[in-house]
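If you count by mature numbering (1 follows the signal peptide of the UniProt record, and there is no 0), then the sequence shown holds residues -23 to -1, 1 to 162, one letter each, in order.
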Amino acid sequence: MRIVKPLVLALSLGVTLPSGGYAQDVPPLEPPQRADAMTLGSLAAILRAIDPSVQVDGTHFQLAINDAAILVIADPLADRMRALVRIGPADAMDEAMMMRLLQANFDAVLDARYAVAGGQIWSAYIHPLSPLEPSELVSGLAQMVNAAQSFGTGFTGGGVQFGGGDSNELQQELMEGLRKKGLPL
């Protein structure tokens, strides 16, 4: 399959583009305006209810859940919210660990995700800001913390797993191994 860049395609069709390469009559994206939309203020109130000692710096929030240090970054103009928990250095992962991380992203961490950025492994929860429901935020944060705290062992967001992946079978093998050791499960 041949990939054609937009400018090459436009020139080959005889179309002229404005200097930025984008149509000038397209309005900039704006977050949807809903009466019940999540805002920085409502996000701050929910995070403060979770951790009364939350630190707020503009669009950045720092809090803790179960000893996990969480950074929440909101961007109302882009209508995005990202919550992160640092897990550790990415160079500590071998190929098998990376494969397990990717498998868990498919079926076990649910709305949370494992990610690698800046040489670090992260547990992340990412969602559009304005449609974010309080229950979704709380659930996503809990899944993210569970994913961070189970990294290297269960690799789970703590809820029911999505079918069709590898995690359920791998966790069943782990449980069977623990049963064989005489642990009451």
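Every residue gets a Cβ at the ideal spot worked out from N, C-alpha and C, and that includes glycine. The model shown is predicted, which means the values in this text are computed figures rather than measured ones.
Can you tell which of 121, 39, 35, 108 has the C-alpha that lies nearest to the C-alpha of residue 12?
Position 35 of the sequence shown, counted from the first residue, corresponds to residue 12. Residue 12 has its Cα closest to that of 108, out of 121, 39, 35, 108.
What distance in whole Å lies between the Cβ atoms of residue 23 and residue 111, which are believed to be in contact at a cut-off of 8 Å?
For the purposes of this step, residue 111 is taken as residue 134 along the sequence shown, with counting starting at 1. For the purposes of this step, residue 23 is taken as residue 46 along the sequence shown, with counting starting at 1. Right, their Cβ atoms sit about 6 Å apart.
Can you give me the start and stop residues for the beta strand (DSSP E) that residue 38 sits inside?
Taking the sequence shown and counting its residues from 1, one reaches residue 38 at position 61. Start and end: 37 to 42.
So the candidates are 79, 78, 81, 62; which of them puts its Cα closest to the Cα of residue 125?
Position 148 of the sequence shown, counted from the start, is the residue given in the question as residue 125. Nearest option by C-alpha distance: 62.
Straight-line CA distance for residue 65 to residue 97?
Sequence index remark: in the sequence shown, residue 65 carries index 88 (1-based). Sequence index remark: in the sequence shown, residue 97 carries index 120 (1-based). Cα to Cα, the separation comes out at about 6 Å.
Buried or exposed: where does residue 128 fall if 16 or more other Cβ atoms within 10 Å of its Cβ makes it buried?
Here the question's residue 128 lines up with position 151 in the sequence shown. By the 10 Å Cβ count, residue 128 comes out buried.
Is it a yes or a no for the segment 51 to 58 touching the segment 15 to 22, going by three-plus beta-carbon pairs under 8 Å?
yes
Indicate the three-state DSSP secondary structure (helix, strand or coil) for residue 18 in the structure shown.
Looking up residue 18 in the sequence shown gives position 41. Helix.
With H, G and I counted as helix, E and B as strand and the rest as coil, what does DSSP make of residue 51?
Residue numbering aside, residue 51 sits at position 74 when the sequence shown is read from its first letter. Looking at residue 51 - three-state DSSP - the assignment turns out to be strand.
Got a sec, what are the start and stop residues for the alpha helix (DSSP H) residue 30 sits in?
Position 53 of the sequence shown holds residue 30. Per DSSP, residue 30 belongs to no alpha helix (DSSP H) and is neither H nor E.
Please name the residue in 32, 120, 36 whose C-alpha comes closest to that of residue 55.
The residue given as residue 55 occupies position 78 in the sequence shown. For residue 55, the nearest C-alpha among the options comes from 36.
Going by the beta-carbon positions, is the gap between residue 100 and residue 89 smaller than 9 Å?
Here residue 100 refers to the residue found at position 123 of the sequence shown. Here residue 89 refers to the residue found at position 112 of the sequence shown. Cβ atoms of residue 100 and residue 89: closer than 9 Å.
Which term fits residue 123, buried or exposed, when burial requires 16 or more other beta carbons within 10 angstroms of its beta carbon?
In the sequence shown, counting from the first residue as 1, residue 123 sits at position 146. Counting Cβ neighbours within 10 Å, residue 123 comes out buried, since at least 16 surround it.
Proximity winner among 130, 57, 78, relative to residue 67 (alpha-carbon distances)
On the sequence shown, residue 67 is found 90 positions in, with the first residue counted as 1. Of the listed residues, the one whose Cα sits closest to residue 67 is 78.
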